[in-house]
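*Asks:* In the working numbering, the protein residues as written are -15 to 50.
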């Protein structure tokens, strides 16, 4: 999902998506540790998506503060 699409979402929706991605990241790390992870690129993609969401949330907070 692009940053443009994320900016259109509400902060509550972004937080829900962030929780889901963090759960997915945990599961992927667990699979990697046990040797069951097939798509190793997904780990990096999930981390980047989490960073995008956090950035957009911080931007929303900065706009609300002004």
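Just so it is clear, CB atoms sit at the ideal spot from N, CA and C, and this is done for glycine as well.
Keep in mind that this is a model prediction, so the values were computed, not measured.
1) Please state the DSSP three-state secondary structure of residue -8.
2) How do the segment 12 to 30 and the segment -6 to 4 stand: do at least 3 beta-carbon pairs fall below 8 Å, yes or no?
3) Between the C-alpha atoms of residue 50 and residue 17, what's the straight-line distance to the nearest angstrom?
4) Can you tell me which of the three DSSP states residue 21 falls into?
5) Which residue from -15, 8 and 34 puts its Cα closest to that of residue 23?
6) Could you check if residue 30 is buried or exposed, using at least 16 other CB atoms within 10 Å of its CB as the buried criterion?
*Replies:* Reading from the atomic positions:
1) coil
2) By the Cβ rule, the segment 12 to 30 does not count as touching the segment -6 to 4, because fewer than three pairs are nearer than 8 Å.
3) Take the alpha-carbon of residue 50 and the one of residue 17: they are about 44 Å apart.
4) Secondary structure at residue 21: coil, using DSSP grouped into helix, strand and coil.
5) When only C-alpha atoms are compared, the closest one is 8.
6) Around the beta carbon of residue 30, a 10 Å sphere encloses 16 or more other beta carbons of the protein chains shown; the residue is thus reported as buried.
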